[in-house]
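Contents: one structure, followed by commentary.
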Amino acid sequence: MVDVAFDNITQEVCGIIYPGKLRLRENDFMFKNEKTGKVDHFMRTDIVSAQWISRATGLGLRIKLKNDSSHRYDGFGEVESESVAKFFKKYFDIDVTKRDLCYKGFNWGDVEVDGKLSVYILRNLALGDVLEMSVKNSMAFEIPLSNLSNATLNKNEVIFEFHLNDDAEICLSELRLYTPGTEIERDGQAPRIYEKVTEKADIIQQLQCLQPRGRYDVKLYPTFFHLHGKSFDFKVPKSSITRLLMLPHPDYRQMFFVVQLDPPIKHGQTRYHFVILLFEKNSHVELEMTATDEWLDTHYGGKLTREVSGPEYEVVARVFKVWCDLSPVFDSILISLLLIVSVSVSIRIHNSSTRFILSGCLN
Numbered sequence: 000m001v002d003v004a005f006d007n008i009t010q011e012v013c014g015i016i017y018p019g020k021l022r023l024r025e026n027d028f029m030f031k032n033e034k035t036g037k038v039d040h041f042m043r044t045d046i047v048s049a050q051w052i053s054r055a056t057g058l059g060l061r062i063k064l065k066n067d068s069s070h071r072y073d074g075f076g077e078v079e080s081e082s083v084a085k086f087f088k089k090y091f092d093i094d095v096t097k098r099d100l101c102y103k104g105f106n107w108g109d110v111e112v113d114g115k116l117s118v119y120i121l122r123n124l125a126l127g128d129v130l131e132m133s134v135k136n137s138m139a140f141e142i143p144l145s146n147l148s149n150a151t152l153n154k155n156e157v158i159f160e161f162h163l164n165d166d167a168e169i170c171l172s173e174l175r176l177y178t179p180g181t182e183i184e185r186d187g188q189a190p191r192i193y194e195k196v197t198e199k200a201d202i203i204q205q206l207q208c209l210q211p212r213g214r215y216d217v218k219l220y221p222t223f224f225h226l227h228g229k230s231f232d233f234k235v236p237k238s239s240i241t242r243l244l245m246l247p248h249p250d251y252r253q254m255f256f257v258v259q260l261d262p263p264i265k266h267g268q269t270r271y272h273f274v275i276l277l278f279e280k281n282s283h284v285e286l287e288m289t290a291t292d293e294w295l296d297t298h299y300g301g302k303l304t305r306e307v308s309g310p311e312y313e314v315v316a317r318v319f320k321v322w323c324d325l326s327p328v329f330d331s332i333l334i335s336l337l338l339i340v341s342v343s344v345s346i347r348i349h350n351s352s353t354r355f356i357l358s359g360c361l362n
């Protein structure tokens, strides 16, 4: 089997450059982040296109998958780029094209959605992929919308807020697009851009959340989920979810669904490494997705249907399992062996419960 490896390849995530190793084999594409240990693994049949983009550290490889998500890897030299291009052509049957860049510094132009001659091109925003600015078909910049934390429509203006990475020296925090109005459309193209970003969400309404505290509508998008509350909103990238836990309450009448995050979401100076939802065990729901059966079958391989029903905690766990491709940990070791839900712990005046799970303990 052909196996080609490239060292010193990097991946930029929210302003941080992570080192890693890239491996190409006849049937798959693999990148391992050496710092976090996370592995990007794609089959040959999942990759639909590839492009070279000139970067400060050499050439960057951008690949696009069937589910319309894009992934970027930097640090290729001229010799390495030729090797990658030949490999893609021979084994993946894909031509790696060169993406032209615009260096003129334009920050204005006519706005169209998916238009060939537009300055602001929104590609696959229904799937939360990329916001790209191009001038005469040359790319000025692009921003992965998985980094988006909030979008606000204000008449002619769309305001994008992005997740901040505390470890990055410089972070993109906000981007504003202003679209002048016309006699026909006073608000310009701003509403269309906003709708493109926020469409195709599947909503689970008014879930009780212990952390961050409150009741939130949970809106699922292909690359992030949105906690929409009365006072606060949080947008959590799918890529930041590291583990799912389903834990019973000590009284056996309630269930905790825990989403572990790295990096955490922030509100002010408070960081939330876990999103904790609380469910009554006897609560049943019927959930109907807004996406079509064809779309769900294409992107999730028939694992998720438009209508899902059952106990509320099981429905949420089932949807999250398929959506982020992670299996929830349902049982603790003590439940399996001793029929004990948790162990009570007291530290001075504070009381809590410690749960022993397969790879550690949770307090």
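Position one of the sequence shown corresponds to residue 0 (numbering that gives the first Met the number 0), numbered consecutively onward.
Glycine included, every Cβ here is placed at the ideal spot set by N, Cα and C.
Drop a sphere of 10 angstroms on the beta-carbon of residue i, count the other beta-carbons inside from all chains shown, and report buried for 16 or more, exposed for fewer.
i	result
F140	exposed
T406	The structure shown has nothing for residue 406, since the chain only spans 0 to 362.
M364	The structure shown does not extend to residue 364, since the chain is modelled only from 0 through 362, so no value can be given for it.
E25	exposed
V129	buried
D73	buried
M42	exposed
L246	buried
A55	exposed
Y102	exposed
E313	buried
T96	exposed
P327	buried
L116	Here L116 scores only 38 on pLDDT, less than 50, and its place in the model should not be relied on; the value that follows carries that caveat. Exposed.
I8	buried
V257	buried
T178	buried
Given this structure, state the Cα-to-Cα distance separating residue i from residue j, to the nearest angstrom.
i	j	result
N149	E182	29 Å
G187	L174	17 Å
E160	I15	18 Å
F5	R71	15 Å
L295	S308	16 Å
E184	L176	16 Å
K265	L226	13 Å
D94	F87	7 Å
K302	A316	13 Å
P310	L243	17 Å
D166	C13	9 Å
Y17	L163	16 Å
V274	Q205	15 Å
V110	F75	The pLDDT assigned to V110 is 44, lower than 50, so where the model puts this residue is not dependable; a value taken from the coordinates is nonetheless given after this. Distance between the alpha carbons of V110 and F75: 34 Å.
F319	I192	27 Å
K31	L147	24 Å
K34	K65	28 Å
S133	S282	50 Å
I142	I62	15 Å
With H, G and I counted as helix, E and B as strand and the rest as coil, what does DSSP make of residue i?
i	result
H172	Checking the sequence shown, residue 172 turns out to be Ser, not His. Note: S172 maps to coil in three-state DSSP.
D166	coil
H248	coil
E293	helix
Y193	helix
R43	helix
C13	coil
N146	helix
C101	coil
E33	coil
F231	coil
L337	Only weak support is given to the placement of L337: the predicted model assigns it a pLDDT of 40, under 50, and the value that follows is read from those uncertain coordinates. Here L337 sits in helix by DSSP.
R137	According to the sequence shown, residue 137 is Ser rather than Arg. DSSP places S137 in strand when its eight states are reduced to three.
V1	coil
E77	helix
R61	strand
A55	coil
Y220	coil
E311	helix
S69	strand
S48	strand
K89	helix
K363	Summary: the structure shown does not reach residue 363, with the chain confined to residues 0 through 362, and so no result is reported for it.
I237	First, the amino acid is wrong: residue 237 is Lys here, not Ile. Correct three-state label for K237: helix.
Please name the residue in the options whose C-alpha comes closest to that of residue i.
i	options	result
V46	T35, W294, I264, L60	Inspection of the sequence shows that residue 46 is occupied by Ile rather than by Val. Selected option, being the one with the closest Cα: L60.
D99	D232, L286, S53, V129	S53
T104	F224, K234, K135	The sequence given here has Gly at residue 104, not Thr. That would be K135, whose Cα lies nearest to the Cα of G104.
V321	T304, P310, E311	T304
E79	L21, G36, I169, E131	L21
V235	G228, P263, V257, F28	P263
T27	D2, G36, T35	It should be pointed out that residue 27 corresponds to Asp in this sequence rather than to Thr. Considering only alpha carbons, the answer is D2.
V157	L163, K195, P143	K195
K229	K154, D216, K237, E293	D216
H40	M132, W51, L58, S69	S69
Y299	E306, L286, D324, L276	D324
V38	E131, G19, T44	G19
L286	Y271, Q268, E306	E306
Looking at residue i and the ligand ATP, is the gap between the Cβ and the nearest heavy atom below 8 Å?
i	result
G57	Annotation note on the ligand ATP: not contained in the displayed structure, which lists no ligands.
inquiry  = Taking 8 Å as the cut-off, does the segment 214 to 227 touch the segment 248 to 256 (at least 3 CB pairs, one atom from each stretch)?
reply    = no
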